[in-house]
DNA sequence: GTCTATAATACGATAGAC
DNA sequence: GTCTATCGTATTATAGAC
């Protein structure tokens, strides 16, 4: 039982959770190399050495963030598949549910962005290997568990990559003063505006 | 007239060109932050300080690479549009020509990858702004010059993002020993295998 | 036009106290 | 469980010679 008198003291498990949340944000925005362990530490409200202490290294922390994000995405898809099956939805219904879940994840952009930041690190021996393995897990989920045919799964994934890249380049930031940006964003994810407004 | 006796001495313009080629490769693989000016210098066969000297800073070099890549992409699209118009192709024909040009650019992966690495740098004040502006230029080209309707342009761009991410994560590297990777890559860009084999 | 030497800084990681 | 102090290194950029 932790000291209830000292609110700044948490269990290691709790601390790891808040670091992972902070790290997903920072890595998602700055990238694996661009993000510093000190930025993660400040975002989590602790000291830089303690971040390294709890995860061993920056690389290990990033791998944990990647694993977390992948699981969040797979969970979202699993819940969509379950709902589609329960409601007896057809292929189009399944696709809509999957898409809705994917877009909803953007409320906490850490998931989308840290995944993408892992993908663009493909030439790193360790992170690249983990990123490829994760990507293939997602593909398998769409093909085998969601039961999408090759072309449908590919198109779905393509739309997902477009949305992720638009979030990464921060296109929503200039939506107000550029008509083309608004047109593009609205085409890529009609409901994104509302989602972003209602969160963060 | 440069000294013809000294093959290691080039004009500044020639040197800038070879640095830009090398930089597109290195930035494309390692990312803006992860790539070092020394890696670029070695790839170009010169010293690190000279790279900085010729471009002023790493950031200026990256912006030049981004500009170069964007122009290469727009040029490819312009030539597709011209060919489509000349042959009186319909909307489907235009789309196929654009797609072919896009995939062919993967022969020199520097273009696709350095563009994507710029996109994921969206939170950088300078690079992010340039990346957004470039992205919108590409969108405008598809909408206005190629004449694609919103949905068609969005779908085309989405497939492009998928291909770019697959190249970035280096999915071709594991195509041989993983059936899912091969299935995904073949769905995303059927002709990519041949292209990569016939080059680099 | 290009190099060597080096300054200045930023960052990940370790040591050790509390 | 968490911090402060600090080491070692990698990296951008500058100075100045050739």
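Chains as they are written, first to last, in this note's numbering: chain A, 45 to 244; chain B, 45 to 244.
Using N, Cα and C, we set each Cβ at its ideal position, and we do this for glycine too.
Does DSSP put residue i in a helix, in a strand, or in coil?
i              : result
residue 195(A) : helix
residue 46(A)  : Reliability of the predicted coordinates at residue 46(A) is poor, the pLDDT of 49 falling under 50, and the value obtained from them is presented with this limitation in mind. Reduced to three states, the DSSP call for residue 46(A) is coil.
residue 53(B)  : coil
residue 213(B) : coil
residue 76(A)  : coil
residue 132(A) : coil
residue 90(A)  : coil
residue 233(A) : coil
residue 205(A) : helix
residue 62(A)  : helix
residue 123(A) : helix
residue 144(A) : helix
residue 219(A) : coil
residue 166(B) : coil
residue 100(B) : coil
residue 242(B) : coil
residue 174(B) : helix
residue 82(A)  : helix
residue 158(A) : helix
residue 227(A) : helix
residue 190(B) : coil
Relative to the C-alpha of residue i, which residue among the options is closest?
i              : options                           : result
residue 224(A) : 197(B), 189(B) and 184(B)         : 184(B)
residue 113(A) : 123(A), 72(A), 227(A) and 172(A)  : 72(A)
residue 119(B) : 146(B), 104(B), 199(B) and 56(B)  : 146(B)
residue 171(B) : 110(B), 125(B), 200(B) and 130(B) : 110(B)
residue 53(A)  : 90(A), 164(A), 194(A) and 230(A)  : 90(A)
residue 104(B) : 134(B), 67(B), 56(B) and 83(B)    : 67(B)
residue 243(A) : 108(A), 152(A) and 79(A)          : 152(A)
residue 123(A) : 200(A), 107(A) and 144(A)         : 144(A)
residue 56(B)  : 98(B), 174(B) and 163(B)          : 98(B)
residue 217(B) : 231(A), 63(A), 167(A) and 199(A)  : 167(A)
residue 161(A) : 78(B), 65(B) and 63(B)            : 78(B)
residue 298(A) : 96(B), 100(B), 84(B) and 164(B)   : The structure shown has nothing for residue 298(A), since chain A only spans 45 to 244.
residue 222(A) : 134(B), 173(B) and 96(B)          : 173(B)
residue 76(B)  : 134(B), 130(B) and 175(B)         : 175(B)
residue 230(A) : 108(B), 199(B), 74(B) and 96(B)   : 199(B)
For residue i, count neighbouring Cβ atoms within 10 angstroms of its own Cβ and tell me buried if that reaches 16, exposed if not.
i              : result
residue 169(B) : exposed
residue 197(B) : buried
residue 58(B)  : exposed
residue 132(A) : exposed
residue 214(B) : buried
residue 46(A)  : Because residue 46(A) carries a pLDDT of 49, less than 50, the predicted location of this residue cannot be relied on, and no value is offered for it.
residue 93(B)  : exposed
residue 202(B) : buried
residue 158(B) : buried
residue 100(B) : exposed
residue 126(B) : exposed
Please list, in chain order, all residues of the same chain as residue i whose beta carbon is under 8 Å from its beta carbon, the five residues on each side excluded.
i              : result
residue 150(B) : 156, 207, 211, 233, 236, 239 and 240
residue 116(B) : 149 and 155
residue 194(B) : 187
residue 65(B)  : 88 and 154
Tell me which residues share the same chain as residue i and place their Cβ nearer than 7 Å to its Cβ, disregarding the 5 neighbours each side in the sequence.
i              : result
residue 69(A)  : 87 and 154
residue 128(A) : 137, 138 and 141
residue 61(B)  : none
residue 106(A) : 71, 76 and 171
residue 108(A) : 64 and 99
Can you name, in chain order, every residue of its own chain whose Cβ lies under 6 Å from the Cβ of residue i, other than the five neighbours on each side?
i              : result
residue 102(A) : 81
residue 192(B) : 186
residue 84(B)  : 66, 67, 70 and 95
residue 219(B) : 225, 226 and 229
Less than 7 Å separating the Cβ of residue i from some heavy atom of the ligand MN?
i              : result
residue 118(A) : For the structure depicted, the ligand MN is absent and the ligand set is empty, with no information on it obtainable.
Inset, instruction - Take every Cβ of the stretch 167-179 of chain B, pair it with every Cβ of the stretch 205-224 of chain A, and state whether three or more of those distances are shorter than 8 Å. - result: yes
Inset, instruction - Answer yes if the stretch 140-158 of chain B comes into contact with the stretch 186-206 of chain A, meaning at least three C-beta pairs across the two stretches below 8 Å, and no otherwise. - result: no
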